[in-house]
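Novice: I'd like to ask some things about the structure below.
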Amino acid sequence: MFKRSNRLHALGGAMPRAGAFGRRGLLLTTAMLGLGLAQMVRGQTQTIRIGAPLPMTGALSPEGLRLKQGNDLWAETVNKAGGIKVGGSRTKVEMVYVDYQSNTPKAVQLIDKLITQDKVDFIFSPFGSGATKASSSVTEKNGVPNIAATASSVEVFDQGHKYIFGLLTPNNTLIEPTSELASARLPAHARVAVLARNDLFPTAVANELEKAVKKRGYEIVYNEKYAIGALDHAGALVQIKAAKPDWIFVSGYTNDLILVRKQMKDAGLNAPVVTMITGPSYREFVESLGPLAENVSSAVWWHPASKYVGTDIFGSTAKYVETFKARFGTEPDYANAVASLSGVVLQAAIEKAGSVDRTAVRDQLAKLKMETFFGPVAFDEKGMVNSYLPPVFQIQGGKTAVLYPPAIATGKLR
Amino acid sequence: MVFLQVLLNGLLLGGIYACIGAGFSLVWGVVNIINILHGSFIVLGGYGAWYAYTHWGVHPFVALLPLGVLGYAGGWLLQQYVIRHVMAAKVLVTLTLTFGLNLLLNNLMTFGFSADFRKVVLPSQEPISWAALTLPTDRTLSMVAAVAVVVLTHTLMTRTMLGRSIVAVRMDPQAAQLMGVDVPRTFAATFGLGTSLALIAGAILSPIFPISPVVADGYLAKAFIVCVLGGLGSLPGVLAGGVLLGVVESVGSYFLGSSHALTLSYVLLLAFLLLRPQGLMGKKGFE
Numbered sequence: 284m285f286k287r288s289n290r291l292h293a294l295g296g297a298m299p300r301a302g303a304f305g306r307r308g309l310l311l312t313t314a315m316l317g318l319g320l321a322q323m324v325r326g327q328t329q330t331i332r333i334g335a336p337l338p339m340t341g342a343l344s345p346e347g348l349r350l351k352q353g354n355d356l357w358a359e360t361v362n363k364a365g366g367i368k369v370g371g372s373r374t375k376v377e378m379v380y381v382d383y384q385s386n387t388p389k390a391v392q393l394i395d396k397l398i399t400q401d402k403v404d405f406i407f408s409p410f411g412s413g414a415t416k417a418s419s420s421v422t423e424k425n426g427v428p429n430i431a432a433t434a435s436s437v438e439v440f441d442q443g444h445k446y447i448f449g450l451l452t453p454n455n456t457l458i459e460p461t462s463e464l465a466s467a468r469l470p471a472h473a474r475v476a477v478l479a480r481n482d483l484f485p486t487a488v489a490n491e492l493e494k495a496v497k498k499r500g501y502e503i504v505y506n507e508k509y510a511i512g513a514l515d516h517a518g519a520l521v522q523i524k525a526a527k528p529d530w531i532f533v534s535g536y537t538n539d540l541i542l543v544r545k546q547m548k549d550a551g552l553n554a555p556v557v558t559m560i561t562g563p564s565y566r567e568f569v570e571s572l573g574p575l576a577e578n579v580s581s582a583v584w585w586h587p588a589s590k591y592v593g594t595d596i597f598g599s600t601a602k603y604v605e606t607f608k609a610r611f612g613t614e615p616d617y618a619n620a621v622a623s624l625s626g627v628v629l630q631a632a633i634e635k636a637g638s639v640d641r642t643a644v645r646d647q648l649a650k651l652k653m654e655t656f657f658g659p660v661a662f663d664e665k666g667m668v669n670s671y672l673p674p675v676f677q678i679q680g681g682k683t684a685v686l687y688p689p690a691i692a693t694g695k696l697r
Numbered sequence: 078m079v080f081l082q083v084l085l086n087g088l089l090l091g092g093i094y095a096c097i098g099a100g101f102s103l104v105w106g107v108v109n110i111i112n113i114l115h116g117s118f119i120v121l122g123g124y125g126a127w128y129a130y131t132h133w134g135v136h137p138f139v140a141l142l143p144l145g146v147l148g149y150a151g152g153w154l155l156q157q158y159v160i161r162h163v164m165a166a167k168v169l170v171t172l173t174l175t176f177g178l179n180l181l182l183n184n185l186m187t188f189g190f191s192a193d194f195r196k197v198v199l200p201s202q203e204p205i206s207w208a209a210l211t212l213p214t215d216r217t218l219s220m221v222a223a224v225a226v227v228v229l230t231h232t233l234m235t236r237t238m239l240g241r242s243i244v245a246v247r248m249d250p251q252a253a254q255l256m257g258v259d260v261p262r263t264f265a266a267t268f269g270l271g272t273s274l275a276l277i278a279g280a281i282l283s284p285i286f287p288i289s290p291v292v293a294d295g296y297l298a299k300a301f302i303v304c305v306l307g308g309l310g311s312l313p314g315v316l317a318g319g320v321l322l323g324v325v326e327s328v329g330s331y332f333l334g335s336s337h338a339l340t341l342s343y344v345l346l347l348a349f350l351l352l353r354p355q356g357l358m359g360k361k362g363f364e
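In order, the protein sequence lines correspond to chains A and B.
Under our numbering, the first residue of the first sequence is numbered 284, with each subsequent residue one higher.
Under our numbering, the first residue of the second sequence is numbered 78, with each subsequent residue one higher.
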């Protein structure tokens with residue numbers, strides 16, 4: 284209040300003298316204004332702006348929050364170190380988040396807005412294969428590098444787009460090693476039951492499993508999908524029990540998998556091998572199920588138990604986990620980590636290009652080869668990462684034992 | 078024997094559905110408000126029970142008592158100070174208001190508890206086995222608790238002054254007012270009771286279903302179907318509607334496959350809306 288009246292007073296006081304100053308005063312003011320504007324404009328180009336449409340509300344909000352944590356951690360760590368090296372100087376990064384409310388068409392609109400109105404330099408994709416695929420045509424049209432943290436379906440990358448780069452290996456890279464490990468504990472003509480959520484990713488991994496199972500000469504004795512939002516699986520489980528499977532494979536979101544595992548116990552159903560994708564990689568799966576989580580195996584693109592050493596800003600898996608824990612108080616999961624990796628990869632490309640020119644950065648992304656806390660990163664000609672082996676793991680004694688790849692294994696399948 | 082097991086599963090599920098639908102039916106039937114907040118209230122009850130269990134070791138079936146009281150008070154205040162102002166407006170206005178409040182509550186819960194899934198993990202209980210049938214212990218207990226709550230509420234409605242005035246207002250608000258019933262207060266009490274039932278349902282379901290703000294819509298959808306099947310505002314109807322839905326879903330998913338269980342429940346909803354809009358136990362002309 285005081286400040287305001289003082290300023291008003293000062294302005295009022297200056298008024299009568301304005302005439303005396305005349306044109307010189309006006310010129311001076313204009314010049315100062317111009318200087319200020321120039322400073323503002325330079326201020327804007329002095330940060331690298333990254334647009335990230337995230338599902339902060341709606342059905343995908345748990346994933347949205349995870350991605351945001353991962354992105355934030357990278358941006359904060361980079362800025363603490365002074366920023367990204369562009370040519371000779373360091374430039375800070377700024378994340379520009381928008382909420383697309385778990386609604387894919389809205390994500391596409393918002394990306395358009397981020398590029399044309401908010402003038403962001405680069406884009407981090409929305410969540411999942413479907414939304415990423417939809418978003419990639421907008422970034423392609425505008426020539427903006429688009430880093431896709433959570434798209435694992437090959438269909439996203441075979442559209443001939445040049446500006447999209449995916450950080451998850453294809454779905455079959457999760458299923459093949461899982462099947463190979465399971466086969467050690469299964470009879471020659473194993474009976475397999477598959478229950479999948481009727482949704483893009485869960486159905487895709489179930490299809491991959493079918494292929495892997497048939498290749499090994501196993502018999503599929505049950506193969507059904509359950510509806511999104513199902514509150515009860517008792518009917519399916521009664522049928523699975525009657526089919527006497529050696530291997531039970533369930534795909535779905537964490538809440539589905541918690542419910543299925545709980546109801547398996549209720550129905551008195553078990554099998555030598557139980558695999559669930561990807562719920563067991565989240566700590567709440569283990570916390571919510573307690574002893575029931577034991578011996579459930581799974582596969583996911585990254586796990587905090589991995590032991591990679593990288594040239595990125597985090598340095599190693601262990602250091603990444605430590606930094607994440609210090610910042611958020613919990614252990615990171617693959618969604619957190621891959622969101623941080625988006626930043627790591629973009630940073631490397633910008634530093635190699637020595638500029639924020641989108642085409643130059645895109646070209647550097649295409650030929651990138653680097654070791655990171657997440658594992659080695661390099662892209663194939665479609666822009667999909669093909670350089671690391673996703674870990675297969677199992678819950679043993681309430682903890683995660685990594686079974687595959689051998690280089691980081693901490694246990695054997697039980 | 079397998080069919081008997083499927084039927085048994087359906088009955089258990091039905092009791093749980095009745096519990097989900099009770100408060101919603103009461104509020105819709107009496108206050109004539111489609112309470113979009115209902116699903117989020119159930120989740121809130123779940124969080125209450127989860128918090129009490131993990132921090133103080135209080136069993137959800139004990140925690141449901143204070144949660145019920147808190148729910149009543151909260152619902153009463155919400156009706157008295159917020160919803161009352163739009164009572165006379167068209168149904169779309171009250172719908173929009175509860176829709177907006179639901180967004181607020183749901184996002185506050187996401188903010189406070191995060192969207193991670195939680196669950197009350199009771200000490201491992203072996204399912205009860207009898208011949209070739211298995212009865213999941215916690216589902217059975219929750220079903221018994223759910224039915225007990227509905228029956229108790231029904232007794233409250235038929236035996237107490239408050240209950241009688243709620244029933245009277247439900248039948249004819251003008252006549253009830255002429256007979257000396259304080260209609261605005263009865264509305265507030267009914268909304269309080271509805272909220273209380275939602276929070277209690279949340280506590281009862283906490284050992285069965287994962288708790289997260291994102292499951293609220295699923296509960297709301299179930300409540301809606303149960304309500305239409307059973308008849309608005311009728312507690313015996315809620316029980317009948319819940320059991321019907323549970324059995325149809327369970328038997329349907331056995332014969333047609335899991336992916337069609339949900340489709341079947343919506344087909345049932347449509348069939349009732351077309352052929353018997355007053356529901357199983359609702360009064361005709363009251364739909």
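A virtual CB, placed ideally from N, CA and C, is assigned to each residue, including glycine.
Note that the structure is predicted; figures quoted are calculated from it, not measured.
Report yes or no: is there a C-beta of chain A within less than 8 Å of the C-beta of residue 213 of chain B?
Specialist: Taking the second sequence and counting its residues from 1, the one referred to as residue 213 of chain B is at position 136. At least one chain A Cβ lies under 8 Å of residue 213 of chain B.
Novice: Under 9 Å between beta-carbons, which chain B residues line up against residue 616 of chain A? List them in chain order, please.
Specialist: As a position in the first sequence, residue 616 of chain A is number 333, starting the count at 1. Going along chain B, no residue has its Cβ under 9 Å from residue 616 of chain A, so there is no contact; the nearest lies around 10 Å.
Novice: According to DSSP, residue 652 of chain A sits in a beta bridge with which residue or residues?
Specialist: Along the first sequence, one-based indexing puts residue 652 of chain A at 369. In the DSSP output, where bridge partners are listed per residue, residue 652 of chain A has A:661.
Novice: Restricting to Cα atoms, I'd like to know which of A:509, A:430, A:549 and A:554 is closest to residue 475 of chain A.
Specialist: Looking up residue 475 of chain A in the first sequence gives position 192. Cα-wise, what sits closest to residue 475 of chain A is A:554.
Novice: Quickly, what does DSSP pair residue 337 of chain A with across the bridge? List them, please.
Specialist: If you number the first sequence from 1, residue 337 of chain A lands on position 54. Looking at the DSSP assignment, residue 337 of chain A forms a beta bridge with A:382.
Novice: Give the straight-line distance between the Cα atoms of residue 442 of chain A and residue 78 of chain B, rounded to the nearest whole angstrom.
Specialist: Residue numbering aside, residue 442 of chain A sits at position 159 when the first sequence is read from its first letter. Residue numbering aside, residue 78 of chain B sits at position 1 when the second sequence is read from its first letter. Rounded to whole angstroms, residue 442 of chain A to residue 78 of chain B spans 52 Å at the Cα level.
Novice: Can you give the Cα-Cα distance for residue 323 of chain A and residue 661 of chain A, rounded to whole angstroms?
Specialist: In the first sequence, residue 323 of chain A corresponds to position 40, counting from 1. In the first sequence, residue 661 of chain A corresponds to position 378, counting from 1. Residue placement at residue 323 of chain A is poorly supported in this model, since its pLDDT is 45, which falls under 50; the coordinates are not used for a value here.
Novice: Please state whether DSSP places residue 514 of chain A in a helix, a strand or coil.
Specialist: Counted from its first residue, the first sequence places residue 514 of chain A at position 231. Residue 514 of chain A falls in the coil class under three-state DSSP.
Novice: Taking 8 Å as the threshold (beta carbon to beta carbon), is residue 216 of chain B in contact with chain A?
Specialist: Residue 216 of chain B sits at position 139 when you count from the first residue of the second sequence. Yes, because at least one Cβ of chain A sits closer than 8 Å to the Cβ of residue 216 of chain B.
Novice: If I measure Cβ to Cβ from residue 454 of chain A and keep anything under 7 Å in the same chain, skipping five residues before and after, which residues do I get?
Specialist: Locating residue 454 of chain A in the first sequence gives position 171, counting from the first residue. Correct list, in chain order: 435, 436, 487, 488 and 491.
Novice: Along the region 683-697 of chain A, what residues have a CB closer than 9 Å to any CB found in chain B?
Specialist: If the cut-off is 9 Å between Cβ atoms, the region 683-697 of chain A has nothing near chain B.
Novice: Who are the neighbours of residue 510 of chain A on chain B, taking C-beta pairs under 8 Å?
Specialist: Residue mapping note: residue 510 of chain A aligns to position 227 of the first sequence, counting from 1. Those are 335, 336, 337, 338, 339 and 340, listed as they occur along chain B.
Novice: To the nearest angstrom, report how far apart residue 688 of chain A and residue 663 of chain A are at their CA atoms.
Specialist: As a first step, residue 688 of chain A is located in the first sequence; it is residue number 405 there, counting from the start. As a first step, residue 663 of chain A is located in the first sequence; it is residue number 380 there, counting from the start. So the two alpha carbons sit approximately 21 Å from each other.
Novice: Taking only the alpha-carbon atoms, compute the straight-line gap between residue 264 of chain B and residue 302 of chain B and give it to the nearest angstrom.
Specialist: Locating residue 264 of chain B in the second sequence gives position 187, counting from the first residue. Locating residue 302 of chain B in the second sequence gives position 225, counting from the first residue. Distance between the alpha carbons of residue 264 of chain B and residue 302 of chain B: 23 Å.
Novice: Which ranges does the alpha helix (DSSP H) cover as unbroken runs of at least 4 residues, wholly within the region 428-499 of chain A, from first to last along the chain?
Specialist: Within the region 428-499 of chain A, the complete alpha helix (DSSP H) runs of at least 4 residues are 455-466 and 483-498.
Novice: Could you pull out every unbroken alpha helix (DSSP H) segment of at least 4 residues lying fully inside the region 357-409 of chain A, listed in chain order?
Specialist: Taking only runs of at least 4 residues, the alpha helix (DSSP H) segments lying wholly in the region 357-409 of chain A are 387-399.
Novice: Residues of the region 486-518 of chain A in Cβ contact with chain B at a cutoff of 9 Å, in chain order, please.
Specialist: Per Cβ criterion, the list reads 507, 508, 509, 510, 511, 512, 513, 514, 515, 516, 517 and 518.
Novice: Out of A:406, A:388 and A:349, point me to the one whose CA is closest to residue 728 of chain A's CA.
Specialist: Summary: the structure shown does not reach residue 728 of chain A, with chain A confined to residues 284 through 697, and so no result is reported for it.
Novice: For chain B, find out if any of its Cβ atoms is closer than 8 Å to the Cβ of residue 677 of chain A; answer yes or no.
Specialist: One-based indexing of the first sequence puts residue 677 of chain A at position 394. Not an interface residue.
Novice: Please confirm whether residue 337 of chain A has its beta-carbon closer than 8 Å to some beta-carbon of chain B.
Specialist: Your numbering for residue 337 of chain A matches position 54 in the first sequence. No, no contact with chain B.
Novice: At a Cβ threshold of 8 Å, is residue 204 of chain B touching chain A?
Specialist: Counting from 1 along the second sequence, the entry for residue 204 of chain B is found at position 127. Judged by the 8 Å Cβ criterion, residue 204 of chain B is in contact with chain A.
Novice: Measure the alpha-carbon distance for residue 364 of chain B versus residue 197 of chain B and round it to whole angstroms.
Specialist: Residue numbering aside, residue 364 of chain B sits at position 287 when the second sequence is read from its first letter. Residue numbering aside, residue 197 of chain B sits at position 120 when the second sequence is read from its first letter. Note that residue 364 of chain B scores 37 on pLDDT, short of 50, meaning its location in the model is unreliable; the coordinates nonetheless yield the value given after this. Going by the C-alpha atoms only, they are around 38 Å apart.
Novice: Is the beta carbon of residue 641 of chain A sitting closer than 8 Å to the one on residue 426 of chain A?
Specialist: Stepping through the first sequence from its first residue, residue 641 of chain A is reached at position 358. Stepping through the first sequence from its first residue, residue 426 of chain A is reached at position 143. It is a contact, given that the beta carbons lie within the stated cut-off.
Novice: Using the Cα positions of residue 382 of chain A and residue 330 of chain A, report the straight-line distance between them to the nearest angstrom.
Specialist: Within the first sequence, numbered from 1, the residue matching residue 382 of chain A stands at position 99. Within the first sequence, numbered from 1, the residue matching residue 330 of chain A stands at position 47. Roughly 22 Å separates the two Cα atoms.
Novice: Taking the beta strand (DSSP E) that residue 210 of chain B belongs to, which residues open and close that run?
Specialist: Counted from its first residue, the second sequence places residue 210 of chain B at position 133. 210-212 is the span of the beta strand (DSSP E), which, as asked, contains residue 210 of chain B.
Novice: Quick test of your reading: residue 279 of chain B and residue 123 of chain B, contact by CB under 8 Å. State the CB separation rounded to the nearest angstrom.
Specialist: Counting from 1 along the second sequence, the entry for residue 279 of chain B is found at position 202. Counting from 1 along the second sequence, the entry for residue 123 of chain B is found at position 46. Sure, about 4 Å apart at Cβ, within 8 Å.
Novice: Do we get a CB-CB distance below 8 Å when we pair residue 680 of chain A with the residues of chain B?
Specialist: Working through the first sequence from its first residue, we reach residue 680 of chain A at position 397. No - not a single Cβ of chain B is within 8 Å of the one on residue 680 of chain A.
Novice: Quick one: what's got a C-beta closer than 8 Å to residue 419 of chain A's C-beta in the same chain, skipping five residues either side?
Specialist: Here the question's residue 419 of chain A lines up with position 136 in the first sequence. Here the set comprises 408, 429, 431, 439, 442, 444, 446 and 447.
Novice: Three Cβ pairs or more, each shorter than 8 Å: is that satisfied between the region 606-620 of chain A and the region 101-112 of chain B?
Specialist: They do not touch, by the three-pair rule.
Novice: Please state whether the Cβ-Cβ distance between residue 375 of chain A and residue 362 of chain A is less than 8 Å.
Specialist: Taking the first residue of the first sequence as position 1, residue 375 of chain A is located at position 92. Taking the first residue of the first sequence as position 1, residue 362 of chain A is located at position 79. Yes.
Novice: By the DSSP assignment, the beta strand (DSSP E) with residue 677 of chain A in it spans what residues?
Specialist: In the first sequence, counting from the first residue as 1, residue 677 of chain A sits at position 394. Here the beta strand (DSSP E) through residue 677 of chain A covers 675-679.
Novice: Using C-beta distances below 6 Å, list every residue in its chain close to residue 141 of chain B, excluding the 5 sequence neighbours before and after it, in chain order.
Specialist: Walking along the second sequence from the start, residue 141 of chain B turns up at place 64. Contacts found: 277 and 280.
Novice: Could you pull out every residue in the same chain whose Cβ sits closer than 8 Å to the Cβ of residue 293 of chain B, ignoring the five residues on either side in sequence?
Specialist: Within the second sequence, residue 293 of chain B is the residue found at index 216, counting from 1. For residue 293 of chain B, where only same-chain residues beyond five positions count, the Cβ hits under 8 Å are 116, 117, 119, 120, 179 and 183.
Novice: Which residues in the same chain have their Cβ closer than 8 Å to the Cβ of residue 379 of chain A, if we skip the five residues on either side of it in sequence?
Specialist: Position 96 of the first sequence, counting from 1, holds the residue named residue 379 of chain A. Result list for residue 379 of chain A: 332, 333, 334, 335, 397, 401 and 403, in chain order.
Novice: Could you give the residue range of the alpha helix (DSSP H) that holds residue 79 of chain B?
Specialist: Counting from one through the second sequence, the residue named residue 79 of chain B turns up at place 2. First-last of the alpha helix (DSSP H) with residue 79 of chain B: 79-103.
Novice: Counting C-beta neighbours from all protein chains within 10 Å, is the total for residue 533 of chain A 16 or more, i.e. buried, or is it exposed?
Specialist: Taking the first sequence and counting its residues from 1, the one referred to as residue 533 of chain A is at position 250. By the neighbour-count rule (16 or more Cβ atoms within 10 Å), residue 533 of chain A is buried.
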